[in-house]
Amino acid sequence: METGWISWLPEAASTLAGQVDALYFYLSGVTAFFTLLISGTVIFFVIRYRRRSPFEIPRPVAGSHKLETIWTIIPLMIAMSFFVWGTNVYFKQVKSPKLATEVYVVGKQWMWKVQHSTGQREINELHVPKGRKIRLIMTSEDTIHSYYIPAFRIKADVLPGRYTDQWFEATKTGTFHLFCAEYCGMNHSGMIGSVIVMEPKEFDNWLTGNAGNQTPAVAGQQLFQSLGCTSCHGMNGEGGRGPTLAGLFGRQQQLTTGGSVLADEVYIRESIVNPQAKIVAGFTPIMPTFQGQISEEQLLQILAFIKSLHIENPQQPVPAASPATSPAQPRSSPQLNAR
Amino acid sequence: MAESLVVEHEVHHPALQHHFENLEQQREAGTLGMWIFLVTEIMFFSGMFFAYTLYRYKFPLEFASASNHLSLQLGAVNTVVLIVSSFTMAFAVYNAQVGRQRRLVISLILTIILGLTFLGIKAVEYRDKYKDNLIPGQLIPGHKYSPATIHLLPGASPQHTEMFYWIYFAMTGMHALHMVIGVGLLSVILFYSIRGRYDPEYHNPVEVSGLYWHFVDLIWIFLFPLLYLLGRHIEHGGTPLH
Amino acid sequence: MKAIEGFEPPAPSKVNYINAQYGLKSWLLTKDHKRIALLYLASVTAFFFFGGIYAMMIRIELLTPRGDFLSSATYNKVFTQHGILMIFFFLIPAIPATLGNFLVPMMIGAKDLAFPRINLLSWYIYILGGAITIWALLSGGVDTGWTFYAPYSTTFSNSYVVLTGVGIFINGFSSILTGLNFIVTIHTMRAPGMTWFRLPLFIWSHYATSLIMILGTPVVAITILLLAFERLAHIGIFDPAIGGDPVLFQHLFWFYSHPAVYIMILPGMGVISELIANFSRKNIFGYKFVAFSSLAIAVFGFLVWGHHMFVSGQSLYAGMIFSFLSFAVAIPSAVKVFNWTATLYKGSISYDTPMLYGLGFIGLFLIGGMTGLFLATIAVDVHVTDTYFVVAHFHYVMVGGTLMAYLGGLHYWWPKISGRMYPEGWGRFSALVIFVGFNLTFLPQFVAGYLGMPRRYHAYPPEFQVFNVLSSAGATILGIGTLIPLTYLIWSMRYGRHAEANPWHLPGLEWRTPSPPPTENFTVSPVVTWEAYEFAPPEEMEVVGTTHHVRLEDAPAAGD
Chain D
8 METGWISWLP EAASTLAGQV DALYFYLSGV TAFFTLLISG TVIFFVIRYR RRSPFEIPRP
68 VAGSHKLETI WTIIPLMIAM SFFVWGTNVY FKQVKSPKLA TEVYVVGKQW MWKVQHSTGQ
128 REINELHVPK GRKIRLIMTS EDTIHSYYIP AFRIKADVLP GRYTDQWFEA TKTGTFHLFC
188 AEYCGMNHSG MIGSVIVMEP KEFDNWLTGN AGNQTPAVAG QQLFQSLGCT SCHGMNGEGG
248 RGPTLAGLFG RQQQLTTGGS VLADEVYIRE SIVNPQAKIV AGFTPIMPTF QGQISEEQLL
308 QILAFIKSLH IENPQQPVPA ASPATSPAQP RSSPQLNAR
Chain G
158 MAESLVVEHE VHHPALQHHF ENLEQQREAG TLGMWIFLVT EIMFFSGMFF AYTLYRYKFP
218 LEFASASNHL SLQLGAVNTV VLIVSSFTMA FAVYNAQVGR QRRLVISLIL TIILGLTFLG
278 IKAVEYRDKY KDNLIPGQLI PGHKYSPATI HLLPGASPQH TEMFYWIYFA MTGMHALHMV
338 IGVGLLSVIL FYSIRGRYDP EYHNPVEVSG LYWHFVDLIW IFLFPLLYLL GRHIEHGGTP
398 LH
Chain L
241 MKAIEGFEPP APSKVNYINA QYGLKSWLLT KDHKRIALLY LASVTAFFFF GGIYAMMIRI
301 ELLTPRGDFL SSATYNKVFT QHGILMIFFF LIPAIPATLG NFLVPMMIGA KDLAFPRINL
361 LSWYIYILGG AITIWALLSG GVDTGWTFYA PYSTTFSNSY VVLTGVGIFI NGFSSILTGL
421 NFIVTIHTMR APGMTWFRLP LFIWSHYATS LIMILGTPVV AITILLLAFE RLAHIGIFDP
481 AIGGDPVLFQ HLFWFYSHPA VYIMILPGMG VISELIANFS RKNIFGYKFV AFSSLAIAVF
541 GFLVWGHHMF VSGQSLYAGM IFSFLSFAVA IPSAVKVFNW TATLYKGSIS YDTPMLYGLG
601 FIGLFLIGGM TGLFLATIAV DVHVTDTYFV VAHFHYVMVG GTLMAYLGGL HYWWPKISGR
661 MYPEGWGRFS ALVIFVGFNL TFLPQFVAGY LGMPRRYHAY PPEFQVFNVL SSAGATILGI
721 GTLIPLTYLI WSMRYGRHAE ANPWHLPGLE WRTPSPPPTE NFTVSPVVTW EAYEFAPPEE
781 MEVVGTTHHV RLEDAPAAGD
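As structure tokens, this is what we get:
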């Protein structure tokens, strides 16, 4: 793993790591150059123009607008090159690819609970295949945590009451550090684990070898029935007194307020814990809240179940709100829709 | 280059502090100081205004329901009381400037009475909320927040009305605290006015206290519509604003 | 410098602000800005060493990867309390409340700050806030990190969050009142002839600092109040359980706490402008650009708070805008550094202790500022935020910047403040020791940070140990380095050589009155007829002193 006495860079084991490192090298090079240039100039001046007699008074200078302009514009342009490059890489970090394997992560003081879409559960470990895109959907049961894998150069805060996500594609097999990066209380430094990247074949073996668990979607279906959701939403989410759930995910949903909302993870979660927040057009607010009755993990399972529901004859998505209606903004806070 | 100013010690006003050159400078410093203080006050309230905006956007129906439960009458009366008190305060400043001692004292007394009236009415409102168990959280043991008395608009979730009430109490409570400080400040000014400390040449404390008083009124002028009025129309068939 | 014609330095036994009155009461009830500055000096020094003890505990713990010196609960309290004491009770008041308090009136030719009683009040508020905070620390401490992130601080922490919050809330008013006093003083109390562009840059930077103090501090005050309110009443202000938004807390907190970084560094930049100009006997290059860059930093500083939250779940585009603005705020700082460098050109540069601190500042601030660019680059920040890279970066800015500037300024004005000279050799030695110790402490942390070592970790994977050992070794040198000036400055108050009125031979107003100055600063009100940093032959320079000398003959008349 390590070649020398001190390693200067962490291992680069994701498709993004190299890009972040390249940016880091560029930044290091430019800033080191200017740091040396300026401090060299200072040292040169300090020696060259040292005081030679106690009463000498050098000639005062007038400033120079030309110089001021130059040393405002040049740093600004260099800074803009950092900005453009940095933002470019950031967009790749943040925009999750469509076809990624989803893994659910729940942070809690002080452990990471993981469930794969095939049902395998892990604690403080994350097994992933090399060369496949993995998207982590994360939430917290208590305080804020942050899921940080240095070798992949990715990190995102894990918040209670909301979903955040991040993605990666591992390029190297091996075991890498997993840290909680947001201070979360007494055993914060113990909230660590490892990410194990395996060859896809080995990974598939691992998955079947660890089988025996239900998939989250199946577990979600059972919850859906045992919690009585079926009485309004139908056995397979076909709807009834409550809105149809089949095919809901990823669609625009019309609301009583006249606006519409994208039915994403955030919206579905909110509709379960705070059903009154956004009422689908044509329905009455009769659904009780499930806040405090189901855990974050169970919520994720129901979410997986709802996502798995498809309509037999896919309809056209409901058209978005007409311009005449009030703003078609979802009512959640701007942060809620983040990423 | 060797000239230097020598302060004219013999003519200075008794109210001139030693480190100022003249009363004009002292007045300028006092007034600017109060303006800057008011800027910090605006920033202080702005944190709460920001929270208000964010949560109102998040829970419009809950905010409207909870806001409708406030007494529009008491709020409106209080608004009038404060506007009148601003008028009497302005009158006090004017009388201090022209040196009408008696009128200065009378308008100060009126302002203080109006300020106390406001606080009295506010106390009545708080008492009503207490009776309805609308004090947020568990601030008062045995009176846990309960939205039972609120008439909920369709679609509003009861538990989130608490978000309105903490903002209501935080903002009006902070405002009331400023009113209490204002009344105390004016009482001091009244005491010195009765003793005849202010004259047309020196009356800056009256002016500066006036600035403070107007500012506190102004905050209420923002609070009243935001807390009492916005959302009333929804009850009458309107749609919530975003 | 003795042979200045027409000027005899006043005899040291003359009445000055230190010996004008005796007794504890004369200090505790003083309205003299210079005495209040000394009260602050003593208190911030105490807080600095208190916070420093916590720093040493952190460094001892991190010597080994395993958490064997402190328990994790204790360690969390230690780093929290280190942060709280150092930021709220040392770095924020350090330069404004001591050097600023002493020098703002003197540099503009005023007798005092505009509101002397409020000035004293602000010290009492500071002490009250400090006492409550220390009470909270001693009765069990607080473990939320100095950032008090919700919902950990509102719901999960079992420590003295409310009491500490109250201490910080109260202390905030001290900062507000100081800022208010400075702004009013600078606006209304300037001596005749002291136009805005004749002001020393120290004044400009304090003006900008004061703007941040009055605009930012109230926001953190209300935020901490709401936090305490939520904790006591169990309501959902920031806790998502009842509908609150934890990210709102971060927004409100950083809206103040990012500009607060500039409260710490701007006064330091002001000190450096003085040191660079005065110890190279040159007028500052691009005076107006340096002056306005302070204001630009104060204004832009309010627009970049979101760069602390790149991974907090804020939107992609918010992150982009904050990244852009963060680069923009770096430019005025760069302009300052370029102008300082240009000022040195063809100067007459002395190697006195204050200048060594000043040059040390430039070196450390360069590294601090340059690494700030890494953090503004959003893709790199995602990797290094909440790691030791950030820790190293802000220590370079705040300790390398503020502490170096503070010590440089303290040495520079020490003759004026105390009327005594410090031992020059020891002074240069301490500057060197602190510079070396500082770099050894924090340079390795950049590497550890990029390698992925998260901050606020009580135990860490063994591959990071080498950096932590280096860091702890450096911290030892740094710690000793700060003890050296403490020792000899105290020593010099009694045994140091008496200082002349103008030991550095400089044109600033504060040097045209005796050392230490009389209570009224100038026995006659000065009239300014020279530009800032206008160096002239000695015989042309002692204008106020000359007048003072003449006036001394009839001193009783002037001292009523």
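Protein chains in written order, with the numbering used here: chain D, 8 to 346; chain G, 158 to 399; chain L, 241 to 800. Ideal Cβ placement from N, Cα and C applies to all residues, glycine included.
Alpha helix (DSSP H) segment containing H332/G, residue limits: For the purposes of this step, residue 332/G is identified with residue 175 of the second sequence, where counting begins at 1. Counting along the chain, the alpha helix (DSSP H) containing H332/G begins and ends at 318-351.
Near G227/D, what residues of its chain come up, given a Cβ to Cβ distance below 6 Å and the 5 sequence neighbours on each side ignored? Within the first sequence, the letter at position 220 stands for residue 227/D. Cβ within range, chain order: Q308, I309, A311, F312.
Check whether the Cβ atoms of P757/L and N421/L lie closer than 8 Å to each other. Here the question's residue 757/L lines up with position 517 in the third sequence. Here the question's residue 421/L lines up with position 181 in the third sequence. Their beta carbons are not under 8 Å apart, which means P757/L does not touch N421/L by this criterion.
From G70/D to G187/G, what distance separates their C-alpha atoms? By one-based count along the first sequence, residue 70/D stands at place 63. By one-based count along the second sequence, residue 187/G stands at place 30. Their backbone Cα atoms lie some 37 Å apart in a straight line.
Establish whether the CB of I307/G and some CB of chain L are separated by less than 8 Å. For the purposes of this step, residue 307/G is taken as the residue at position 150 of the second sequence. No, I307/G does not count as interfacial toward chain L.
May I have the straight-line CA-CA distance separating I64/D from L749/L, to the nearest angstrom? Taking the first residue of the first sequence as position 1, residue 64/D is located at position 57. Taking the first residue of the third sequence as position 1, residue 749/L is located at position 509. Approximately 18 Å, taken between the alpha carbons.
Express the C-alpha separation of Y527/L and E358/G in angstroms, rounding to a whole number. In the second sequence, residue 358/G corresponds to position 201, counting from 1. In the third sequence, residue 527/L corresponds to position 287, counting from 1. Computed Cα separation, rounded: 40 Å.
Quick check on this structure: which residue in T76/D, F51/D, V202/D, Q261/D has the alpha carbon closest to the alpha carbon of E129/D? As a first step, residue 129/D is located in the first sequence; it is residue number 122 there, counting from the start. The shortest C-alpha separation from E129/D is found at V202/D.
Is A20/D near the ligand GDP - that is, is its Cβ less than 7 Å away from at least one heavy atom of it? This structure does not include the ligand GDP; it has no bound ligands of any sort.
Quick check: the segment 186-205 of chain D against the segment 34-52 of chain D, are at least 3 beta-carbon pairs closer than 8 Å? no
Looking at A177/D and V110/D, is the spacing between their C-beta atoms short of 8 Å? The residue you call residue 110/D lines up with position 103 of the first sequence. The residue you call residue 177/D lines up with position 170 of the first sequence. Not in contact: V110/D and A177/D (Cβ atoms no closer than 8 Å).
Thinking just about the alpha-carbon of each residue, which of L30/D, W15/D, E18/D is nearest to the one in I618/L? Along the third sequence, read from residue 1 onward, the residue named residue 618/L stands at position 378. Nearest option by C-alpha distance: L30/D.
Which residues in chain D sit within 7 Å of P311/G, going by Cβ to Cβ distance? As a first step, residue 311/G is located in the second sequence; it is residue number 154 there, counting from the start. Near P311/G (Cβ distances below 7 Å), the residues of chain D are P292.
Hey, out of P747/L, A260/L, L465/L, whose CA is closest to A772/L's CA? Within the third sequence, the letter at position 532 stands for residue 772/L. Nearest of P747/L, A260/L, L465/L to A772/L, Cα basis: P747/L.
Cross-chain neighbours of S314/G in chain D, by beta carbon under 9 Å: Taking the first residue of the second sequence as 1, we reach residue 314/G at position 157. N281, P282, Q283, A284, P292, T296, listed in chain order.
Taking the alpha-carbon of Q705/L as reference, which of Y262/L, A739/L, L302/L has the nearest alpha-carbon? For the purposes of this step, residue 705/L is taken as residue 465 along the third sequence, with counting starting at 1. Among Y262/L, A739/L, L302/L, the Cα nearest to that of Q705/L belongs to L302/L.
Spatial neighbours of L306/D within its chain, please: C-beta separation below 7 Å, excluding the five flanking residues on both sides. Taking the first residue of the first sequence as 1, we reach residue 306/D at position 299. Within the same chain, L306/D has close Cβ partners R276, I279.
With a 10 Å radius around its C-beta and 16 neighbouring C-beta atoms as the bar for buried, classify L726/L as buried or exposed. Taking the third sequence and counting its residues from 1, one reaches residue 726/L at position 486. Under this definition L726/L is an exposed residue.
Where I426/L and G667/L are concerned, what is the direct C-alpha to C-alpha distance, given to the nearest angstrom? One-based indexing of the third sequence puts residue 426/L at position 186. One-based indexing of the third sequence puts residue 667/L at position 427. About 32 Å.
Does the Cβ of M504/L have 16 or more other Cβ atoms within 10 Å, making it buried, or fewer, making it exposed? Within the third sequence, residue 504/L is the residue found at index 264, counting from 1. By the 10 Å Cβ count, M504/L comes out buried.
Tell me which same chain residues have a C-beta within less than 8 Å of the C-beta of A538/L, skipping the five on either side of it? If you number the third sequence from 1, residue 538/L lands on position 298. Answer for A538/L: A448, T449, L451, I452, P499, Y502, L506, listed in chain order.
In its own chain, which residues sit with a C-beta less than 8 Å from the C-beta of I348/L, not counting the 5 before and 5 after it? Stepping through the third sequence from its first residue, residue 348/L is reached at position 108. Within the same chain, I348/L has close Cβ partners T425, I426, M429, R430, A431, M434, L439, I443, L749.
Quick one: which residues of the segment 194-206 of chain G get their C-beta closer than 9 Å to a C-beta of chain L? List them in chain order. Against chain L - using a Cβ distance shorter than 9 Å - the residues of the segment 194-206 of chain G are F194, V196, T197, E198, I199, M200, F201, F202, S203, G204, M205.
Pair every Cβ in the segment 682-702 of chain L with every Cβ in the segment 646-654 of chain L, then say whether three or more of these pairs are closer than 8 Å. no
I need the DSSP call for I81/D, collapsed to helix, strand or coil. Taking the first sequence and counting its residues from 1, the one referred to as residue 81/D is at position 74. The answer is helix: DSSP assigns I81/D an H, G or I state.
Could you check whether Y646/L and A334/L sit closer than 8 Å to each other, using their CB atoms as the reference points? Residue mapping note: residue 334/L aligns to position 94 of the third sequence, counting from 1. Residue mapping note: residue 646/L aligns to position 406 of the third sequence, counting from 1. Yes, Cβ-Cβ distance for A334/L and Y646/L is below 8 Å.
Measuring alpha carbon to alpha carbon, tell me which residue in G541/L, G456/L, I524/L is nearest F578/L. As a working note, residue 578/L is residue 338 in the third sequence. Checking every option, the nearest Cα to that of F578/L belongs to I524/L.
Since T263/D meets chain G, which of its residues come closer than 9 Å, beta carbon to beta carbon? Position 256 of the first sequence, counting from 1, holds the residue named residue 263/D. Those within 9 Å of T263/D in chain G are P311, G312.
Thinking just about the alpha-carbon of each residue, which of P293/G, I269/G, K279/G, R257/G is nearest to the one in L342/G? Along the second sequence, read from residue 1 onward, the residue named residue 342/G stands at position 185. Residue nearest to L342/G within the set P293/G, I269/G, K279/G, R257/G is I269/G (criterion: CA-CA distance).
Given a cut-off of 8 Å, decide if L441/L and S513/L are closer than it, judged by their beta-carbon atoms. Along the third sequence, one-based indexing puts residue 513/L at 273. Along the third sequence, one-based indexing puts residue 441/L at 201. Against a cut-off of 8 Å, the Cβ pair of L441/L and S513/L comes out as a contact.
Can you tell me which of V273/D, T263/D, G235/D puts its alpha carbon nearest to the alpha carbon of L310/G? Taking the first residue of the second sequence as 1, we reach residue 310/G at position 153. When each option's Cα is compared against that of L310/G, the closest is T263/D.
Hey, could you find the ends of the beta strand (DSSP E) Y7/D is sitting in? Outside the displayed range of chain D (8 to 346) lies residue 7/D, so it cannot be described from this structure.
Presumed contact (8 Å Cβ cut-off) between W174/D and S103/D, rounded CB distance: Walking along the first sequence from the start, residue 174/D turns up at place 167. Walking along the first sequence from the start, residue 103/D turns up at place 96. Right, their Cβ atoms sit about 5 Å apart.
A468/L versus chain D: which residues are under 8 Å apart at the beta carbon? On the third sequence, position 228 is the one that residue 468/L refers to. Within 8 Å Cβ-Cβ: nothing; A468/L doesn't reach chain D, min ~18 Å.
Would you list the one or two residues that DSSP bridges to L133/D? Counting from one through the first sequence, the residue named residue 133/D turns up at place 126. In the DSSP output, where bridge partners are listed per residue, L133/D has V202/D.
Report the option in R695/L, L565/L, S533/L whose CA atom is closest to the CA atom of T625/L. Looking up residue 625/L in the third sequence gives position 385. It is R695/L.
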